[in-house]
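Here's the structure we're looking at; comments come further down.
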Amino acid sequence: MKNDQQTQINENGEQMDESTKATFGGGCFWCLEAVFQQVTGVIKVVSGYAGGASPNPSYEAVCSGLTGHAEVVQIEYDPGQTDFRTLLDWFWRCHDPTTLNRQGADVGTQYRSVIFCHDEEQLEHARTAKQDLESSGMFRDPVVTEISMIPEFYPAEDYHQNYYQENSGAGYCQFVIRPKMQKLGFE
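Structure follows, in structure tokens:
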């Protein structure tokens, strides 16, 4: 399997530590994006779509539920500052992994809980973390999170990127994202 590690070059043209990627879906990508942008070691978060059958899906097509894509965030992170297991911990904390194809009022397969792994090591960690979560007794209902290797990832339209930062006064941000950020200690 390929490993999505990349060498980063800073503004002075100097090589930085390698980074790697993680891709998660757990409801609306705006919520996940807002959370992961606050996590130490995260370099970049891109909202997008993965796990469907059609190439280059649009937001409208994904919302129809007919493409099979999930709304996801692809996270680029510095493994010198954080690791996949820590990102998994945040993933479990920022959504309900026991609700099938929904998070709160967002309902449909595009809102499913999913971990798309970039290499075999991530796949192993994700499966172990899910088993540990199920046996912890933290949730009364079974964990329904899907785990698989990353298929093609498609970045969402520009107006979906940095949504909370750019639209913090919008209703969805005020009533859904902000309370989640407060609960997690980011605001």
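By this note's numbering, the letter at position 80 of the sequence shown is numbered 87, and the numbering carries on one by one without gaps.
Even glycine gets a Cβ: it sits at the ideal position worked out from N, Cα and C.
Please read all numbers here as calculations on a predicted model, not as lab measurements.
For the pair Phe31 and Val69, the CB atoms are not nearer than the 8 Å cut-off.
If you look at Ser142, you'll find it in the alpha helix (DSSP H) that goes 127-143.
About 15 Å separates the CB atoms of Gly48 and Gln81; that is not less than 8 Å, and the two are not in contact. The three-state secondary structure of Glu83, taken from DSSP, is strand. Taking a contact as a CB-CB distance under 8 Å, the pair Ala57 and Pro158 counts as one, their CB atoms being some 6 Å apart.
Shown here, Pro149 sits in coil according to DSSP, grouped into three states, outside any helix or strand.
Inter-segment contact for the segment 140-148 and the segment 115-123 is absent: fewer than three beta-carbon pairs are separated by less than 8 Å.
From the listed residues Ser26, Gly34, Lys28, Thr27, the smallest Cα separation to Val114 is found for Gly34. In this structure, DSSP gives Cys101 a state outside helix and strand, which the three-state scheme calls coil.
Distance from the CA of Cys101 to the CA of Ala60, rounded to the nearest whole angstrom, comes to 27 Å.
A direct Cα-Cα distance of roughly 15 Å separates Val151 from Leu95. It is roughly 11 Å from the alpha-carbon of Asn174 to the alpha-carbon of Ala41. Per DSSP, reduced to three states, the secondary structure at Asp113 is strand.
Excluding the 5 residues flanking it on each side, Arg92 has same chain C-beta neighbours closer than 8 Å at His132, Ala136, in chain order. As computed with DSSP, Tyr56 is found in a beta bridge with Glu78, Tyr161. If you compare the alpha carbons of Arg185, Gln110, Lys51 with that of Ala77, the shortest gap goes to Gln110.
Taking Tyr84 as the centre and dropping the five residues before and after it, the same chain places the C-beta of Ser26, Thr27, Ala29, Gly48, Val49, Ile50, Leu94 closer than 7 Å to its C-beta, in chain order.
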